[in-house]
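For reference, the structure discussed in these notes is given below.
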């Protein structure tokens, strides 16, 4: 199964409540996937600065001296906020690639980018959201996932969302059947893929297409040709939010839109407590149709013949 | 009228209350408040009662219904009225995938659009969709009638047995073994009755009929891989 939620705010007044709203949405999806959970939050950018979110199974030793080590290695001040098993490293954006190379082996990268922070762990959505205090987080948009594993081990690295490019993340409900071949192809093309997970291959594929110059919308559209299997994807970028279902569309999806937000849920239950939901436009996204919203553009829905 | 508020009453208790009603029960009109997309609302009913659900429902609403008249004042999640035996289910909004799946009897009315696989493996149920229906509707449908007042998606009636399909709008494509058939007076009569019972003002004469060409009934070596 797996459960997905997503929320893209249009009304800045709701931004302080993004974390709380996403947490509540994800908790209602707990019975769709009880083994691990994760949330991606897009917060405020600070000019020239980036966030590198890292994880350690043993944070007391894993994060000890990490900020000082990076400050010395990079020759620029690196600040660190530790939240349970995760730490957010704040550093100059230009030094992000060097910082990743300088990380000690006991920490793993959860996300990197200007505004994106991903928190994910093994456990129930409520427990995972609580340990990182997600409900206190503000932001413009975010995505959550609760996992029932099918394709790879129940580990932190196997949990969603997956981040493969700066400020890009993806969550997936379904299973891909050509992920091994595609992983080999992407790896040969120089794309770094961390796990044996099928969904990470989809995330890496989209990042690879965008690196070649495609927009997220175009990358999703070409995914219809290149990704084989069952999927409902919800993806996030620095300023955008997209949804794609495979042509068979057996994985559930419901969307709602008001003047204040665009929301996604695997089921309507996830949306039922959002403000103004009784008068929201609610619909089931069409199969093989790319839906995409950005801060600057009007919403689009691009159907593609299967 | 009795109201059961799902923000107060547990779902199982609500279903147990409705399932315990019989032909002799005194309270025959029920309303379910605050469904909030819950699963399996008003499932397995077996009495001629009326139930109105005041909002959107999740998976398998009104499943296995016998006799009851169930109305959803909103949209329904996957598998609404699956395996219905008799009675009436009316969805005022849209229905998600496989609405009316394997239904043996009764009438399912969807006033909005139906998603994919509407009426999959239907076995005698009548389904009237006021709007459009998604891909692979009436897949392996065995008997009963599927009426689509709008357009039908890809692969309508794939691997069809003896169900009758009526479509007023366009059909994106027909599935294997499904062909257009002549609309004879008896079909106009059946369809006129169904449209009237479904509260639809479309004219039977505006529809085309589709059915099985019966080529998949017997083994054919050309179909083997």
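Chains as they are written, first to last, in this note's numbering: chain F, 1 to 306; chain S, 307 to 531.
Just so you know, even glycine gets a beta-carbon here, dropped at the ideal spot from N, CA and C.
### Query
By Cβ distance below 7 angstroms, which residues in the same chain neighbour residue 463 of chain S in space, the five residues on each side in sequence not counted?
Correct list, in chain order: 444, 447, 471, 480, 481, 484 and 516.
### Query
How do the region 20-35 of chain F and the region 64-77 of chain F stand: do at least 3 beta-carbon pairs fall below 8 angstroms, yes or no?
By the criterion of at least three beta-carbon pairs nearer than 8 angstroms, the region 20-35 of chain F is not in contact with the region 64-77 of chain F.
### Task
Assign residue 155 of chain F to one of three DSSP states: helix, strand, or coil.
In this structure, DSSP gives residue 155 of chain F a state outside helix and strand, which the three-state scheme calls coil.
### Query
First and last residue of the alpha helix (DSSP H) that includes residue 205 of chain F?
Counting along the chain, the alpha helix (DSSP H) containing residue 205 of chain F begins and ends at 198-211.
### Task
Kindly indicate if chain F contains any beta-carbon less than 8 angstroms away from that of residue 311 of chain S.
Using a Cβ-Cβ cut-off of 8 angstroms, residue 311 of chain S does not count as an interface residue toward chain F, since no Cβ of chain F sits closer than that to its own.
### Query
Which term fits residue 212 of chain F, buried or exposed, when burial requires 16 or more other beta carbons within 10 angstroms of its beta carbon?
Under a 10 Å Cβ-count criterion, residue 212 of chain F is classified as exposed, with fewer than 16 other Cβ atoms of the shown protein chains found around its own Cβ.
### Task
In angstroms with no decimal places, state the Cα-to-Cα distance between residue 93 of chain F and residue 49 of chain F.
Computed Cα separation, rounded: 5 angstroms.
### Query
Roughly how many angstroms lie between the CA atoms of residue 319 of chain S and residue 252 of chain F, to the nearest whole one?
Between residue 319 of chain S and residue 252 of chain F, the alpha-carbon positions lie close to 27 angstroms from each other.
### Message
Check for me: the beta strand (DSSP E) holding residue 145 of chain F runs from which residue to which?
### Response
Its beta strand (DSSP E) spans residues 141-147.
### Task
Helix, strand or coil for residue 308 of chain F, going by three-state DSSP, please let me know.
Residue 308 of chain F lies beyond the residue range present for chain F, which begins at 1 and ends at 306; the question has no answer from this structure.
### Query
According to DSSP, which residues form a beta bridge with residue 447 of chain S?
Paired residues: none, contrary to the question.
### Query
Is the distance from the Cβ of residue 170 of chain F to the Cβ of residue 206 of chain F below 8 angstroms?
Going by C-beta atoms, residue 170 of chain F is nearer than 8 angstroms to residue 206 of chain F.
#### Entry: Cβ contact (3+ pairs, closer than 8 angstroms) linking the region 9-29 of chain F and the region 51-67 of chain F
The region 9-29 of chain F is not in contact with the region 51-67 of chain F.
### Message
I'd like to know whether the C-beta of residue 291 of chain F is nearer than 8 angstroms to at least one C-beta of chain S.
### Response
Not closer than 8 angstroms to any Cβ of chain S, the Cβ of residue 291 of chain F fails to qualify, so no.
### Task
For the alpha helix (DSSP H) containing residue 462 of chain S, list its first residue and its last residue.
It is not in any alpha helix (DSSP H) - residue 462 of chain S carries neither H nor E in the DSSP assignment.
### Query
If you compare alpha carbons, which of S:412, S:375, S:442 and S:376 is closest to residue 403 of chain S?
When S:412, S:375, S:442 and S:376 are compared, the shortest CA-CA separation from residue 403 of chain S is found for S:442.
### Query
Whose C-alpha, out of F:140, F:161, F:223 and F:271, is nearest the C-alpha of residue 239 of chain F?
When the alpha-carbon of residue 239 of chain F is set against those of F:140, F:161, F:223 and F:271, the nearest one is in F:140.
### Task
Give a yes or no on whether the C-beta atoms belonging to residue 70 of chain F and residue 89 of chain F are separated by under 8 angstroms.
Against a cut-off of 8 angstroms, the Cβ pair of residue 89 of chain F and residue 70 of chain F comes out as a contact.
### Task
Check residue 40 of chain F in the structure and name its three-state DSSP category.
DSSP, reduced to helix, strand and coil, places residue 40 of chain F within a strand of the structure shown.
### Message
Suppose the cutoff is 7 angstroms on Cβ atoms and the five residues either side in sequence are ignored; what does the same chain contact list for residue 384 of chain S look like?
### Response
If we look at residue 384 of chain S and ignore the five residues flanking it on each side, its Cβ neighbours are 365, 402, 403 and 404.
### Query
According to DSSP, is residue 509 of chain S helix, strand or coil?
Three-state result, residue 509 of chain S: coil.
#### Entry: Assigned secondary structure, residue 266 of chain F (DSSP; H/G/I helix, E/B strand, else coil)
Judged by DSSP in its simplified three-state form, residue 266 of chain F adopts coil rather than helix or strand.
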